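S.K.: Here it is: the structure, laid out below.
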Amino acid sequence: MTIYHVSKSGDDQNPGSKQAPFLTINQAAQTAQPGDTILVHQGTYREWVNPQVGGSSPKKMITYQAASNERVIIKGSEIVTHWEDMGHGIWKAVVDNQIFGNFNPFAFELNGDWLEQGNGCHAGMVFVDGKALFEAHDYNEMATGIAAGQVREYITQKTVPNPNHQSGKYKWFAEVGATQTTIYINCHEIDVNKQTVEISVRKFCFYPQKTGLNYIKVAGFEMAQAATNWAPPTAEQEGLIGVNWSKGWVIENNDIHDSKCCGISLGSVPISKSKQNQFAAKHDRPGYQYQIEAMFHAYAQNWDKDHIGSHIIRHNQIHDCGQAGVIGFLGGAFSTISDNHFYQIGTRYEFGGWEIAALKLHAPIDTIIEHNLCNQCSLGTWLDWQAQGTRITKNVYAENLRDLLFEVNHGPFLVDNNMLLSNEAINEFSQGGAFVNNLIAGKVLIQSVLNRTTPYHQPHSTLIKGYACIYGGDDRYLNNIFIGKPNDPDLNKQIGTAIYNGSPTSMAEFKAAVEQRLPGDIELFETIRQPAYIDHNVYLGGAQAFDQEQTTIQQTEWQAKLKASVQKSTVGLQINIPPELIDFLVPIQDTESLGKVRLADADFENRDGSEVRIDEDINRDKNASLRIAGPINQLKPGMNQLKFSGF
């Protein structure tokens, strides 16, 4: 095992020893073999690290490590100096196109399937002292330098206060010629020649062009300012850092930020350039159809547990990315995403589409999303297709437009011991979910999807067992605390489980409803709600209960006085608890009590196939046989002041 050193005082003709280090990380990446470590010393490295070799096993990884107590930055940008003062806060620089190599991000418009509002945005970005400016559509918009007070979020079509109302007035506009690119920036009162101005010139910071480079660890870096393209499931899914269809990476203790679109890509199946984004290119068949074909193509590219996925993403700060913090179609199966802090993802509102969330995963089979903090994002976690064996546990979501979205999944997927503190907590546009011991302070919405069939799988496998549409229901809400909004009865109708009113409460009742409608086949099921299993929940402050719930606490007038604040990576929580809640002991849920989901005919299990038992709270405090409702064991009657950290 060899340790190669990289230093800003090095030379790529050196052997990479401590005494004679390499100058670039990428030179070391061409040299390292399984079991080797690349130790990178302090400085800013403006390069694309493109590994040529992966590790051979978890014990013989290739490790890229920032030296201890040294700040190491990998950037997709270059510095631009000598800005010409045009007056009125406007500055101009002319850049030789050679700086971009064969890819000029200021000439490249974002494009791809499900990018519904590209707005002419380019992959390029401009930064002044590390802060990203906002792209203007033309010179006049740049020169005016005004940001709207409100913006419209594309998916929900909600008009919300613009979080960039102040920073959005700092704008850029570029004119691309054959040999030069002219960049104009409006920085108002700032003298940019006294600042550091950078422009993104590279797509990636750390990304192998080759697929199948397994067992690579990337630890301790700051990585920023990459010119990534929009990343739908029917394309390569570029990320500032990406694994590119491989197995067993570890990405930990990094600060990943300011990717035009995506921070970390767990990747899509390899698709030839000519066959990517075919709906956007042709409009001949739905993107849904092309996505199905891409999934079947994945089986020819070794999509199974032995070859793809099982990545670990932990202890990272992931923020200020335009589309997603972590994205993946198929490539993120069997992975663990834990102890990360996601913030300010998808909140620039420069473009809009259907793939924007802090975590946006398709087919996260047996993936665990644990103990992450996600705040100030347009959407927290979006699991889209094939969430089976997936577990979202011990996370905090706050200050988001929406916390969780489940789209066209069949389950079983488990959501337990989370705090969902935003105004819109759960969009359950799937079936077969279990929501257990959560604190839920926002709306719960459900929706059937009868015009799309999606796959479900053999347990703990990528093998397809069948296809079905989404009938809605087959959900479990057990041991949760729901908190309504004071003096907002209309909103409170959607906080709680009353939205499931009219659902059967058992499979026997469901089957009886089917039999009453015989003869027939598939059309019978389109008119009958699946069962809802709802019990042992607490409803405070106007949150409303399922009308068939048997064991519950409902205190409509109780003032929970819920307040949440996020300072760096620490969450402060204030909550007023009625004494009755402390005495209301609820059963610990497990594989047996949760039952099988109907269509996939599968149990809620740990990903190794063992029985799941939900006996730990958000702080990993374990119970024996009974616990109080919600995710926090240490609640006491009256006002509680709590802190949660370690993200």
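So for the sequence shown, the working numbering puts the first residue at 397; every next one is plus one. The beta-carbon is built from N, C-alpha and C at its ideal position, and this holds for glycine as well. The structure presented is a predicted model; accordingly, all values stated were derived computationally and were not measured.
From the DSSP output, read off the bridge partner residues of residue 626.
M.R.: According to DSSP, which records beta bridges pairwise, residue 626 is partnered with nothing at all.
S.K.: If we count the other Cβ atoms within 10 Å of its Cβ and call it buried at 16 or more, is residue 498 buried or exposed?
M.R.: That one is exposed.
S.K.: Rounded to the nearest angstrom, what separates residue 909 and residue 897 at their Cα positions?
M.R.: So the alpha carbons of these two residues sit roughly 16 Å apart.
S.K.: Using a Cβ-Cβ cut-off of 7 Å (strictly less than) and excluding sequence neighbours within five positions of residue 939, which residues of its own chain qualify?
M.R.: Answer for residue 939: 878, 879, 880, 888, 891 and 892, listed in chain order.
S.K.: Apart from the five residues just before and just after residue 608, which ones in its own chain have a Cβ nearer than 7 Å to its Cβ?
M.R.: For residue 608, where only same-chain residues beyond five positions count, the Cβ hits under 7 Å are 641 and 642.
S.K.: Leaving aside the five residues before and after residue 770 along the sequence, list all residues of the same chain whose C-beta is less than 6 Å from its C-beta, in chain order.
M.R.: Result list for residue 770: 738, 754, 776 and 793, in chain order.
S.K.: Could you name the residues that DSSP lists as bridge partners for residue 901?
M.R.: None, per the DSSP bridge assignment.
S.K.: Going by C-alpha distance, which of 962, 522, 945 and 929 is nearest residue 622?
M.R.: When each option's Cα is compared against that of residue 622, the closest is 522.
S.K.: Within this structure, are the beta carbons of residue 440 and residue 525 separated by less than 8 Å?
M.R.: Cβ distance not < 8 Å, so residue 440 and residue 525 don't count as in contact.
S.K.: Would you report the Cα separation of residue 1023 and residue 971, rounded to the nearest angstrom?
M.R.: Each residue's alpha carbon lies about 18 Å from the other.
S.K.: DSSP three-state label for residue 400, please.
M.R.: Strand at residue 400.
S.K.: Is DSSP giving residue 573 helix, strand or coil here?
M.R.: Coil, per DSSP.
S.K.: Assuming the contact rule is C-beta atoms closer than 8 Å, residue 454 and residue 612 should be a hit. Round their C-beta distance to whole Å, please.
M.R.: That belief does not hold up - the Cβ atoms of residue 454 and residue 612 are roughly 11 Å apart, past 8 Å.
S.K.: Provide the residue span of the alpha helix (DSSP H) that contains residue 975, from first to last.
M.R.: Here the alpha helix (DSSP H) through residue 975 covers 975–979.
S.K.: Can you confirm whether the stretch 991–1002 touches the stretch 802–812 when touching is taken to mean that 3 or more C-beta pairs between the two stretches lie within less than 8 Å?
M.R.: Counting Cβ pairs under 8 Å, three or more are found: they touch.
S.K.: With a cut-off of 8 Å on the beta carbons, I'd call residue 831 and residue 803 a contact; round off their distance for me.
M.R.: Not quite, the Cβ-Cβ distance comes to about 16 Å (not below 8 Å), so this is no contact.
S.K.: Residue 817: which of 969, 645 and 625 sits nearest, CA to CA?
M.R.: Looking at the Cα atoms, 969 is the closest of the given residues.
S.K.: Closest to residue 463 by C-alpha separation, out of 782, 549 and 615, would be which residue?
M.R.: When only C-alpha atoms are compared, the closest one is 615.
S.K.: Check this for me: beta carbons of residue 720 and residue 741, under 8 Å apart or not?
M.R.: Yes, they are a contact pair.
S.K.: Can you tell me which of 423, 469, 443 and 694 puts its alpha carbon nearest to the alpha carbon of residue 449?
M.R.: Nearest option by C-alpha distance: 423.
S.K.: Would you call the stretch 918–935 in contact with the stretch 867–876, where contact means no fewer than 3 C-beta pairs closer than 8 Å?
M.R.: Yes, they touch.
S.K.: From residue 1039 to residue 964, what does the alpha carbon distance come to, in whole angstroms?
M.R.: Taking the straight line from one Cα to the other gives about 12 Å.
S.K.: Using 8 Å for Cβ pairs, my map puts residue 460 next to residue 427. What's the rounded Cβ distance?
M.R.: Contact flag wrong, Cβ pair sits at about 12 Å.
S.K.: Could you spell out the range, first to last residue, of the alpha helix (DSSP H) harbouring residue 988?
M.R.: Looking at the DSSP string, the run of the alpha helix (DSSP H) that includes residue 988 is 987–990.
S.K.: For residue 875, collect the residues of the same chain with a Cβ closer than 6 Å to its Cβ; drop the 5 residues on either side in sequence, then sort them by chain order.
M.R.: Excluding sequence neighbours, residue 875 sits near 832, 833, 932, 982 and 1025.
S.K.: Measure the beta-carbon distance from residue 510 to residue 750 and round it to whole angstroms, keeping in mind my assumption that it falls under 8 Å.
M.R.: With 8 Å as the limit, residue 510 and residue 750 qualify as a contact, their Cβ atoms being about 4 Å apart.
S.K.: Quick one: give me the first and last residue of the beta strand (DSSP E) that residue 810 is part of.
M.R.: 809–812 is the span of the beta strand (DSSP E), which, as asked, contains residue 810.
S.K.: Can you tell which of 743, 941 and 417 has its C-alpha closest to the C-alpha of residue 716?
M.R.: It is 743.
S.K.: For residue 397, which option in 762, 452 and 1027 has the closest C-alpha, if you only look at C-alpha atoms?
M.R.: Measuring from the Cα of residue 397, the nearest candidate turns out to be 452.
S.K.: Here's the rule I'm using: 16 or more other beta-carbon atoms within 10 Å means buried, otherwise exposed. How should residue 1033 be labelled?
M.R.: The residue in question, residue 1033, is exposed, as its Cβ has fewer than 16 Cβ neighbours within 10 Å.
S.K.: What are the boundary residues of the beta strand (DSSP E) that residue 1070 is part of?
M.R.: Lying outside 397 to 1043, the shown extent of the chain, residue 1070 is not represented and no answer is given.
S.K.: Excluding sequence positions up to five away, which residues of its chain have a Cβ less than 7 Å from the Cβ of residue 703?
M.R.: Once the five neighbours on either side are set aside, the close Cβ partners of residue 703 are 643.
S.K.: Leaving out the 5 sequence neighbours to the left and right, which residues in its chain are closer than 7 Å to residue 504 when beta-carbon positions are compared?
M.R.: Closer than 7 Å at the Cβ level, and outside the excluded window around residue 504, lie 518 and 519.
S.K.: Span of the beta strand (DSSP E) holding residue 732?
M.R.: Start and end: 732–734.
S.K.: Are residue 619 and residue 649 close, meaning C-beta to C-beta below 8 Å?
M.R.: No.
S.K.: Taking the alpha-carbon positions, what's the residue 472 to residue 947 distance?
M.R.: Straight-line Cα distance between these residues: approximately 56 Å.
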